[in-house]
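So the sequences go chain by chain: A and B.
Under my numbering, the first residue of the first sequence is numbered 2, with each subsequent residue one higher.
Under my numbering, the first residue of the second sequence is numbered 2, with each subsequent residue one higher.
Heads up, the beta-carbon is just placed ideally off N, CA and C, and yes, glycines get one too.
No experiment lies behind these values; they were computed from the predicted model shown.
Written below as structure tokens is the structure these notes are about.
2 protein chains.
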Amino acid sequence: MLLSALLMSVGINSCLCVLFFILYSVLRKQPRNYEVFLPRRLAAGTSKRRRNKVARYIPSIKWIWKSWRPSEKELMESSGLDGVVFMRMITFSLKVFLFAGIIGVFVLLPVNCFGDQLTVIDYADWSANSLDLFSVANLKIRSPWLWVHFGAIYLLTAFVCCLLYFEFRYIALKRIEHFHSSKPQPHQFTILVRNIPSSDGSSVSDTVDRFFEENHLSTYLSHVVIHRTSKLRSVVDQAKKLYKQVKHKKPVKKTPMRFFSRKDTPEGHYERVLQELEQNIRLGQAEVSAPGKEVRAAFVSFKSRYGAATALHMPQSINPTYWLTEPAPEPHDVHWPFFSASFMQKWLAKILVVFACLLLTILFLVPVVLVQGLTNLAALEFMFPFLTFILSMKVVSQIITGYLPSLILQTSLKVVPPIMEFLSSIQGHICHSDIQKSACNKVIWFTIWNVFFATVFSGSAFYKLSVILDPKEIPVKLAVAVPAQASFFIAYVVTTGWTDTLTELFRVVPFMVSYIKRSFEPSDDNEFVVPPMRYHRDTPRVLFFGLLGITYFFLAPLILPFILLYFCLAYIIYRNQFMNVYAPKFDTAGLFWPMIHYTMIFSLVLMHAIAIGLFALKKMELATYLLVPLPVCTLLFNEFCRKRF
Amino acid sequence: MLLSALLMSVGINSCLCVLFFILYSVLRKQPRNYEVFLPRRLAAGTSKRRRNKVARYIPSIKWIWKSWRPSEKELMESSGLDGVVFMRMITFSLKVFLFAGIIGVFVLLPVNCFGDQLTVIDYADWSANSLDLFSVANLKIRSPWLWVHFGAIYLLTAFVCCLLYFEFRYIALKRIEHFHSSKPQPHQFTILVRNIPSSDGSSVSDTVDRFFEENHLSTYLSHVVIHRTSKLRSVVDQAKKLYKQVKHKKPVKKTPMRFFSRKDTPEGHYERVLQELEQNIRLGQAEVSAPGKEVRAAFVSFKSRYGAATALHMPQSINPTYWLTEPAPEPHDVHWPFFSASFMQKWLAKILVVFACLLLTILFLVPVVLVQGLTNLAALEFMFPFLTFILSMKVVSQIITGYLPSLILQTSLKVVPPIMEFLSSIQGHICHSDIQKSACNKVIWFTIWNVFFATVFSGSAFYKLSVILDPKEIPVKLAVAVPAQASFFIAYVVTTGWTDTLTELFRVVPFMVSYIKRSFEPSDDNEFVVPPMRYHRDTPRVLFFGLLGITYFFLAPLILPFILLYFCLAYIIYRNQFMNVYAPKFDTAGLFWPMIHYTMIFSLVLMHAIAIGLFALKKMELATYLLVPLPVCTLLFNEFCRKRF
């Protein structure tokens, strides 16, 4: 890619950013958009419907200031510890890339420029220079300037590790503080016991009572056995639906009652249906308490949190597949379907999900490979000769190389988080926060594999699997393939990164849905729900740009300013969204941080592997050997953090 | 190797076995050998000194019967659960190889023989046939007979897995039974707390008291802070030494007192020295209770086992590197040096030990490669042309190929268990049983790597490391290299395996030591110690033969009868040793079994990998693909067992 193509891309996207910022500031002031852009404030009743019609249409940047202002404490109060952890991930990345950016732009970039491996830079016509001239590829074999890169790698690693340590410690302390500051809550006194063994004759309830009275006499308080209520729930749902119907029907009255017989008045009909439902509910309630509907799981409550903790941490049974204890989830966080699953079923479900994830990861390569084909103009011309004329147009070729590929890739990536969430939900977790954590993990690795590695290796050939199966060669192959994709990823950051934050700001899908809904039911004052933040969608996305920045830090330092800009955008926009849009539904109390930590460590080790391969390619034997301790130390540091926190 | 060489080896070793069995039966009846062969019975006072001088010199096989007879319960009483687990490992192997042997000898061996890939078997002169004719190498590419091997692999895997499951369950139940049947012991009421954080001003003892009174008020009983006593201990050791000297000196009196001045009577001298020591001990005791000598660790006792278990399983501190809890080891099992080590020190020690083990493993390849050179006559003749004449002698060549290599290898392997025990002892364990377990694990992997893999791959070339770094190729490379070493390993089982058990029976080193000692101090009625069983030395050895048997089960079924014989010998001899020689010093309560289990699983998976490679080589695509689920299922089974027990 030429510098001009990059500049064009940067230009387009900067204009888009400014345009959309202005548009957003206008749109959010329209009362009918409150539901999309300020649902949180609407629900809290703090968004005043403004009367001044003119002020509504004047763009302003006040919202940026507003989202900048709140302190961490306020964020904690409004979005819980998870929100704080998410924002700290962004500030952490900002710190890292400020440091990396200074080194990269002021030290590495000039060093790369003054190398003369490829061609000398054409200072007269900057935009005609290839981006490769700014990368490490421009340095000669055995160039002593490579030691500058060597030093930069050590420096960045040390900086990131220190920062990671302090950040982890900070979040660990915050977790404890959070626990101490919050009032004792019922679920802290309760544990969930599953796989209660069946004893002949007695009911589950009796078994639980007997067991805990025998083993935890002094602290045991009571228990609730879980029942299968799917039938009852369906009846209740039916009733709720009917309530909605009735509520909507009464004031309208003019719509024809196509479904009911004409002889009947609508009120009489509803009365009969409601009576029937009431009957059904009573029947269902009676049925639920029958012993056959008992699930072999129970919530067991204790007199103190200490008692609950004791019971939680002690192995309860000789057979470790019985009497499994888990901390009880918060009441609105419970995910019911897997309470009746046996140990074996849960285990098998887990294995199946792992296989499904692997399969998805492998099948997903197809669109990625197609996308990669598009970035390669020569390949495209070769495959579709009739396109030669169109492709020879400068604008078309620049759009194709600079914009289209990442757009297609990004669109197909949009479906991944919901799929992963679904897979995690059938994996046997018993609370939504666990599902989110598990899905987040899956999406992180999926993104790294299918965006980073697939792009890196499909660019040269479809030999990813062979690379994985040949670990000795990995560093050298990475060192060949990763720098080759530098321009793709710079374009990726500029296009996908920036537009990503904009789509997040605009909430494109909810905005469109609400628009369409409004055009069908114009004057509907429907109840609306404040959406929860989907961490499993956003965390991997932000982390991936961190990975890109760290990996390309010494290969193509030109990427760093764009990444830094991305994180600035993300900082403002996510703070805005936390204040105005998303309300926390449950709180994992900061348990997303370890994932963030591990991904950062992985990024560092990946960078080291590439560096080792690169120095080997550049025939710097000493530097290669001196780099080997670095990943080892980083992994040891990670191990230490894992033990310490 | 030819059949004749094998037969010669079998002949020599069978004769040696019979000879040594007879010799043993005579030697063990000599009262002066009781110390070596029957120390346990001597210590218990149950070995009657026989008066009948003639009967002493008549060989008998009564000892075999005696060691056959005791039931498992008696074994449990005399050697603890560890002894039972060890014997069950042997009986387990016996069952496996009885099954495998029947399939191998009656199904696979004939199938292999009637293949005609190599040459047709010369039925007239059996002994001139190469051993390869009895192996799977004799089957043609795409031979339908290979499906017999395919079935046999599935059958054996299923059999071993079933057996493993039942065995693990049996041992888990035995562990619980053992716990229930034994009386409550002090160490069950106690936990060891380490890394007690220093609080300014107050002593460790006060800190512990305050902490447990605050957090475990209802169950906390008392504690003992650990003190640094190395100085005191050295004084006590001095005193003990002196006591020994005095005890031995008094009756003899004729040896010249070279060390002491002539003017002094020996009694007066000893009295003065003793007084001095007493003084020192008192000083030392006073010093030990000074606060500077306190170690930040303590044994904390509770009122009930339940209380101790609660405190053990609960995380005690916000910082998980403080207040680390461990179950207290049995009093005579404690290993003192690492009580003062901080979390960080222990962790670093562990990492260093891992590196040391890796280094040892790599450096150890040198003797193995040398040994492998010896088995290859052609290479030897090429390197030392002057030996051609000697090597052309049939006896020499047969001894060299059939006997010498494994002898050299085995001798150098003898030093490994003590080294690994030493490495484990500086790894930060706090009890001897943990050290033994850790050493056992190290020796198992060392043996598998340095005997099996080094032999397999050095036979063809020194490309082991390249194989490891190229996992895709592993099955095929194994399938080429492993069958090539079949004759070496058959010889290995016959020579090393059988002589190993004999050296165990004869306790060669203690026997020689006692002989030499007796010739220097003829009439010494020294106190002797009953030796403990060194599980970390014997378990890996027995397991390794299991691994050989399973790996070569379908490649060269000829190995199976010899392995079966090895296990029969081992069964008799180890039972004998448990009854007569070894006394348990501490009991891990059967914690060696998981290691045995994992090694068996590893053997199975290794066999599957080789089978996949072999079927790929023999161009049986369908069989290759149908085999892939087998290792996956085996690993899943292992995972299940790990969770279940």
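The Cβ atoms of residue 147/B and residue 616/B sit closer than 9 Å to each other.
About 5 Å separates the Cβ atoms of residue 86/B and residue 594/B, confirming a contact at the 8 Å cut-off. From the beta-carbon of residue 311/A, the residues of chain B found nearer than 7 Å are 311 and 315.
Excluding sequence positions up to five before and after residue 164/A, its CB lies within less than 7 Å of the CB of 93, 96 and 97, all in the same chain and listed in chain order. Under the 10 Å beta carbon count, residue 643/B is surrounded by fewer than 16 other beta carbons and is classified as exposed. In this structure, residue 194/A sits near residue 326/A, with a CB-CB distance shorter than 9 Å. When only Cα atoms are considered, residue 229/B and residue 236/B end up about 14 Å apart. Contact annotation: in the region 351-367 of chain B, residues whose CB is within less than 8 Å of a CB in chain A are 352. Just so you know, the alpha carbons of residue 362/B and residue 450/B end up roughly 8 Å apart. Only those residues of the region 217-236 of chain A whose C-beta falls short of 9 Å from the nearest C-beta of chain B are listed: 219. Boundaries of the beta strand (DSSP E) around residue 191/B: 191-195.
In this structure, the alpha-carbon of residue 395/A lies about 60 Å from that of residue 241/A.
By the 16-neighbour rule on beta-carbons within 10 angstroms, residue 204/A is exposed. The Cβ atoms of residue 572/A and residue 499/A lie no closer than 9 Å to each other. Residue nearest to residue 622/A within the set 142/A, 207/A, 109/A and 64/A is 142/A (criterion: CA-CA distance). A direct Cα-to-Cα measurement between residue 618/A and residue 553/A gives close to 17 Å. Per the coordinates, the alpha-carbon of residue 490/B lies some 8 Å from the alpha-carbon of residue 549/B. Nearest C-alpha to residue 21/A among 109/A, 187/A and 501/A: 501/A. Nearest CB-CB separation between residue 304/A and chain B: not below the 9 Å threshold.
With respect to residue 332/A, residue 433/A sits apart: the two C-beta atoms are not nearer than 9 Å. Under the criterion of beta carbons closer than 8 Å, residue 286/A and residue 233/A qualify as touching, at roughly 6 Å. Within the DSSP secondary-structure output, residue 432/B pairs in a beta bridge with 335/B. A direct Cα-Cα distance of roughly 50 Å separates residue 533/A from residue 476/B. Minimum Cα-Cα distance from residue 631/A among the listed residues 5/A, 112/A, 155/A and 4/A corresponds to 155/A. When CB distances to chain B are screened at a threshold of 8 Å, the residues of the region 321-334 of chain A falling below it are 321 and 322, in chain order.
Neighbours of residue 347/B in chain A, taken as residues whose beta carbon is under 7 Å from its own, are absent, since the nearest beta carbon is some 10 Å off. The C-beta distance from residue 564/B to residue 506/B rounds to 19 Å, too long to fall under 8 Å, and the pair is not in contact. As DSSP reads the structure, residue 299/A sits in a beta bridge with 194/A and 226/A.
Residues of chain A whose Cβ lies closer than 9 Å to the Cβ of residue 645/B are, in chain order, 320, 321, 322 and 344. Around the beta-carbon of residue 384/A, fewer than 16 other beta-carbon atoms lie within 10 Å, marking it exposed.
Listed as beta-bridge partners of residue 131/B by DSSP are 3/B. Taken through DSSP and simplified to helix, strand or coil, residue 516/B comes out as helix. Under the three-pair Cβ rule at 8 Å, the region 289-299 of chain B counts as touching the region 340-357 of chain B. Against chain B, a Cβ distance below 9 Å from residue 177/A picks out 319. Using a Cβ-Cβ cut-off of 9 Å, residue 173/A counts as an interface residue toward chain B, since at least one Cβ of chain B sits closer than that to its own.
When beta bridges are read from the DSSP output, residue 328/A appears opposite 192/A.
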